[in-house]
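*Asks:* One structure, pasted below without further comment.
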Amino acid sequence: GKKISANRISTQFPDPDDLPFLEVAISAQADFLITGNHVHFPKELC
Numbered sequence: 039g040k041k042i043s044a045n046r047i048s049t050q051f052p053d054p055d056d057l058p059f060l061e062v063a064i065s066a067q068a069d070f071l072i073t074g075n076h077v078h079f080p081k082e083l084c
């Protein structure tokens, strides 16, 4: 695995506790963030 230092993003998110997962995915330049949580990770914000 890799150690990733996440950059903070400033966006309103349905569940702020889920925001670190998106921040890490963006910081790591991930091609995908796989989740079944469509409520807390809406397509228009990801």
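Numbering-wise, the sequence shown is residues 39 to 84 according to my numbering. For each residue, glycine too, the CB sits at the ideal point set by N, CA and C.
#1: Is the distance from the Cβ of Asp-56 to the Cβ of Phe-79 below 8 angstroms?
#2: With 16 other CB atoms within 10 Å as the buried threshold, where does Ala-63 fall?
#3: Tell me, to the nearest whole angstrom, how far the beta carbon of Asn-45 is from that of Glu-61; I am working on the premise that it is less than 8 angstroms.
#4: On the premise that Ala-66 lies in contact with Ile-42, defined as a C-beta separation below 8 angstroms, what is that separation, rounded to the nearest angstrom?
*Replies:* So, from the listed chains and residues:
#1: Along the sequence shown, read from residue 1 onward, the residue named residue 56 stands at position 18. Along the sequence shown, read from residue 1 onward, the residue named residue 79 stands at position 41. Yes, these two residues count as a Cβ contact at 8 angstroms.
#2: For the purposes of this step, residue 63 is taken as the residue at position 25 of the sequence shown. Ala-63 counts as buried, since at least 16 other C-beta atoms from the protein chains shown sit within 10 angstroms of its C-beta.
#3: Along the sequence shown, read from residue 1 onward, the residue named residue 45 stands at position 7. Along the sequence shown, read from residue 1 onward, the residue named residue 61 stands at position 23. Sure, about 6 angstroms apart at Cβ, within 8 angstroms.
#4: Taking the sequence shown and counting its residues from 1, one reaches residue 42 at position 4. Taking the sequence shown and counting its residues from 1, one reaches residue 66 at position 28. The Cβ separation is near 5 angstroms, so the contact holds.
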